[in-house]
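Q: In order, the protein sequence lines correspond to chains A and B. Using this note's numbering, the first residue of the first sequence is number 1, and each one after it goes up by one. Using this note's numbering, the first residue of the second sequence is number 1001, and each one after it goes up by one. For each residue, glycine too, the CB sits at the ideal point set by N, CA and C.
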Amino acid sequence: MKKHRVVITGLGVASPLGLGAVETFEALVEKRCGIDRIAAFDPSHFTSQIAGEVKNGNVKDCVPKGYRKATKVMAKDIELAVIAAYHAVRDAGVQTKCLVERGEAQAADVDSTRFGANIGAGLICADLTELAGALSTAAERPDAAQDRGFSLKKWGTEGMSNLTPLWLLKFLPNMLACHVTIVHDCQAPSNTITCGEASSHLAIGEAYRTIERGAADICICGGAESKVNPMGLMRQSLLNRLVTDSNENPAQACRPFDKDRKGAVIGEGGGLLILEELERAKARGARIYAEVVGFGASVNAKNWLEPQADGRGLALAIGKALKDAGANPTDVGLMNAFGVGTVQHDASEAAGIRNALGSDAGKVPVLATKGSLGNCGAGSGAIDLAMLTLAMSRGVVPPSLNTTIVDPACELNVVRGDPTDCHAELGLSVASALSGGQTAALLIRRYHA
Amino acid sequence: MTRRVVVTGMGWITPLGHDIETAWKKILGGESGIAPTTIFDAGTFPTQFASEVKGFDLRKFIGPDYELHKGVSRQAGFALAAARIAWDSSGFEKAAKLDKTRIGVYLGGGEGPMDFDNFTAAAVEGWNYGENTLDAKRWADVAYKCLEKVVEAEQDPNMAAAHIAQLFGVEGPNFNTLTACAASTQAIGEATNMIRRGDADAMISGGCHSMIHPFGVTGFNRLTALSTRNDSCITASRPFDRTRDGFVLGEGAGMLILEELSHAKARGTKIYAEVKGYGSTADAFRITDIHEDGRGAMAAMRLAMQDAGLTTADIDYISAHGTGTEENDKIESKAIRGVFGDLSKKVPVSSVKSMLGHLIAAAGACELITCLLALRDQVIPPTINYSTPDPNCDLDYVPNEARKTKVRNCLSNSFGFGGQNDTLVVAAFAD
């Protein structure tokens, strides 16, 4: 069976540092931080009160006029995916139905039946204000100071009718892909991978395979998630994964691989890439950022809440990706690590990388973004891969904010302090789910025409 | 050379039974798993019945491993049990020299149910009735006290796949998809492609879900997608019948062991059937409606047959998505007519959702298992509660009684809310 080659021709990002991959990348190079005190709700009774929030960006500016009404049924996660998708197709110069209907293109230039989507998503949190508002109508004693009691009977008779009929659709994880495929008219295989922080990588890996085997010519792939809501923050807080002593200095809170790291910071963001079959990209004269050459996946879990100390699963995934690419560990010239900032996960990740790359692992420059962005969940991996792609094409690696002294337990060459020049041929990107442990590695190679 | 993918193990936990043969016998007998809801008090809900898994005890299935997995959600428990049955039926437990880095997991697993009592308690305590808004500070105070980390973490949809990897120590690719009602069909299709490509030698694949909880029923009731035939719930799931009024929520899990043919042969294990074809498309139409012409559904069926190297004449049975909603059944019938042309009047089409209810993310896997059993036993399961023909649904729905007939190849459809469509083709194994 003929294997098609797959290249990256578009990058779309909506992150706490800006809209568009370039805006985010340049902010990283300028050492800016997207983490601040939470503005979306009053966080003062949470142990961690900071987050990487996407403050700009209106989803209505990223859809056709006739679709603006549908944005009412989009949770923030869905909005971020739709915004990132718009930036991705614009960046790729692919004229989709959305751009035509927005008057930004003359005619669509993509065969919808060969245009796929694979968009990772998290467990979308219900809008607590909306849901609690409806639930509040079913309290037994709404006037009481406490112990108000929730009545399931009352919920059935009158409470639930306070929810909008389409309520459920705001929170189905597949709605990220559904809205994006409707807006841009993608009718080829469409999937929704829901594996926590590994979702983007698994989705991009699967999209790579889809084009490789000829089931699509072009795919929009990546992921998006928002953890910046009371329930999302509460979940991470209950799991003791968050920094709690830096509420007054959010820009210094998250310290990937640093010896003084104390936890993660929640974030939100979307990253979507355009993957394209090489000959198609060449035929339309597309700008080719890089070629996707390897993918591997495994599971890196001691149990479903904790990673393996030796990073065995991650090492397996990296090994499979290298084999897939026909590359040696020493060929890796640059990589991005997930570096979420918790003591345990960073140590496991570093061990896995070292086990896979061997004695030269310490030489590979490592790009880590969480100090600036926070943990954008299912969106993180694709944002990271977009940053790696730009770092390779521009020959400069932004530093990891707040990483000053690398923990001896995480002996990696984390780029810190100032941006570093780097001209790598082969780049590695990894991500792992904090809960569940799904893990994946992607390899991209500089493309030479 | 193309690597062929066969099924070497299967297991399910369904509203009609916790083992393959018991539930299959009931399905062939036209029994319904539907009854008044017992999981919560649905007495004031528009829909007061469901197709529940009864008398389930995870301990019976995983024995001493239970201690390690006891915090799992209801649906992940179903998944572990079904995977255990599938794994054991494949003979993997006794297999020597199994390379577990080459065995993966690909599920269509749903999200775990919310911690309803504690969540609603925190919500009403946190509500500021005076200003009619959420007091996030007060909510946080209450939530810190009553929510528990394990219950919250187990809601993540990737947890069932993680638990399964842990139970069997398998280190291959580990995926979860959640394309609503199409999820487990998509999972099996993608897992098949992984084995074909050589990324794994075997995959534990299928799905699990339970949305029979107050928020699940609320969501579907608000969408008016559920049947409200409270006075006769046992007959409420009536796919393709003119009097259908929505689907009936079910729950459960279905799991397959997919294996590369030579790998299966080398260990001399029983081969149930072959996964021959997979087609996946998006409607790209509306989030609330299926494309009027069944565009995406037709494309998925065609792609799956093309992938299998088969034509419409080779298909002896179509396991329909057949939810029992006005729209789905009409458009699915239209799509089958569009693809099968004149043959559409001859090919039997049935929906086991008439008996099992709609298992959402787990539906496709359980329905595919009924196809494998149809191939084995040369019998097609019926669509029960079929009494009044609908002019928009004019195919042979195998009404009310199972049918003995020749079955070589089956096609199974699953269409997700929002427009993700997946079709699988399975065939009796022939060397």
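#1: What's the call for B:H1213, buried or exposed, on a 16-neighbour Cβ count within 10 Å?
#2: Residues in its own chain within less than 6 Å of B:N1158 by CB, not counting five upstream and five downstream?
#3: Per DSSP, what kind of secondary structure is A:C219 in: helix, strand or coil?
#4: Less than 8 Å between the CB atoms is what I'm expecting for A:V265 and A:G341, so what's the real figure, rounded?
#5: Taking 7 Å as the threshold (C-beta atoms), are A:A433 and A:G263 in contact?
#6: Mind listing the chain B neighbours of A:A391? Cutoff is C-beta to C-beta under 8 Å, in chain order.
#7: Closer than 6 Å by C-beta to B:A1076: which residues in its own chain qualify, once you throw out the five before and the five after it? Chain order, please.
#8: Using a Cβ-Cβ distance under 7 Å, would B:F1092 count as near chain A?
#9: Indicate the three-state DSSP secondary structure (helix, strand or coil) for A:P464 in the structure shown.
#10: As an exercise, report each continuous beta strand (DSSP E) stretch of at least 3 residues that is fully enclosed by the segment 1301 to 1367 of chain B, in chain order.
#11: Using the C-alpha atoms, what's the distance from B:L1424 back to A:A134?
#12: Go ahead and pull the three-state DSSP assignment for B:T1185.
#13: Taking the C-alpha atoms as reference points, what is the distance between B:V1379 and B:A1304?
#14: Taking 6 Å as the limit between beta carbons, can you name the residues of its chain near A:D36, skipping five residues before and five after?
#15: In this structure, does DSSP put B:R1403 in helix, strand or coil?
#16: Go ahead and label A:N328 buried or exposed: buried means 16 or more other beta carbons lie within 10 angstroms of its beta carbon, across all protein chains shown.
#17: Which of the three DSSP states, helix, strand or coil, is assigned to B:A1035?
#18: Which runs of the beta strand (DSSP E), 3 residues or longer, sit entirely within the segment 1051 to 1128 of chain B?
#19: Within 7 Å (strictly less), CB to CB, does B:V1347 reach chain A?
#20: Which residue spans inside the segment 17 to 90 of chain A form an unbroken beta strand (DSSP E) run of at least 3?
#21: If I measure Cβ to Cβ from B:T1325 and keep anything under 8 Å in the same chain, skipping five residues before and after, which residues do I get?
#22: Would you mind listing the alpha helix (DSSP H) stretches within the segment 118 to 198 of chain A that are 4+ residues and don't spill past its ends, in chain order?
#23: B:E1274 versus chain A: which residues are under 9 Å apart at the beta carbon?
#24: Taking Cβ positions, are A:G294 and A:L443 nearer each other than 7 Å?
#25: Taking the CB atoms as reference points, tell me whether A:G271 and A:A382 lie closer together than 7 Å.
#26: Does any residue of chain B have a CB that is nearer than 7 Å to the CB of A:S348?
#27: Counting only beta-carbon separations shorter than 7 Å, does A:Q438 have a partner in chain B?
#28: Strictly under 7 Å for the Cβ-Cβ distance: is B:P1157 near chain A by that measure?
#29: Apart from the five residues just before and just after A:G18, which ones in its own chain have a Cβ nearer than 6 Å to its Cβ?
#30: Buried or exposed: where does A:A65 fall if 16 or more other Cβ atoms within 10 Å of its Cβ makes it buried?
#31: Among B:V1352, B:D1316, B:E1367, B:S1351, which residue has its Cα nearest to the Cα of B:R1408?
#32: Below 7 Å on C-beta distance, what does B:P1389 contact in chain A?
#33: Would you mind stating whether A:P16 and A:V54 have Cβ atoms separated by less than 7 Å?
#34: At a Cβ threshold of 7 Å, is A:L99 touching chain B?
#35: How should B:E1274 be labelled, buried or exposed, when 16 other C-beta atoms within 10 angstroms of its C-beta is the threshold for buried?
#36: Is the Cβ of A:M74 closer than 7 Å to any Cβ of chain B?
A: Reading off the structure:
#1: buried
#2: Only residues of its own chain outside the window of five on either side were considered, and among them N1176 have a CB closer than 6 Å to the CB of B:N1158, listed in chain order.
#3: strand
#4: With a Cβ gap of about 7 Å, A:V265 and A:G341 count as contacting.
#5: no
#6: Correct list: empty, because the minimum Cβ distance to chain B is about 27 Å.
#7: Around B:A1076: M1159, A1160, H1163.
#8: no
#9: No answer is possible for residue 464 of chain A: it lies beyond the span of chain A, which begins at 1 and ends at 449.
#10: Counting only runs of 3 or more, we get 1317 to 1319.
#11: Rounded to whole angstroms, A:A134 to B:L1424 spans 41 Å at the Cα level.
#12: helix
#13: 22 Å
#14: P250
#15: strand
#16: exposed
#17: strand
#18: 1103 to 1109
#19: no
#20: 35 to 37, 50 to 52
#21: A1225, R1244, G1246, F1247
#22: Counting whole runs of 4 or more residues, the segment 118 to 198 of chain A contains the alpha helix (DSSP H) stretches 128 to 136, 175 to 184.
#23: Neighbours of B:E1274 across chain A, judged by C-beta separation under 9 Å, do not exist; the nearest C-beta is about 18 Å away.
#24: yes
#25: yes
#26: Not closer than 7 Å to any Cβ of chain B, the Cβ of A:S348 fails to qualify, so no.
#27: yes
#28: yes
#29: T24, A27
#30: The sequence given here has Lys at residue 65 of chain A, not Ala. Per the 10 Å Cβ criterion, exposed.
#31: B:D1316
#32: Going along chain A, no residue has its Cβ under 7 Å from B:P1389, so there is no contact; the nearest lies around 30 Å.
#33: Yes, the Cβ-Cβ distance between A:P16 and A:V54 is below 7 Å.
#34: no
#35: It is buried - the Cβ of B:E1274 has at least 16 other Cβ atoms within 10 Å.
#36: no
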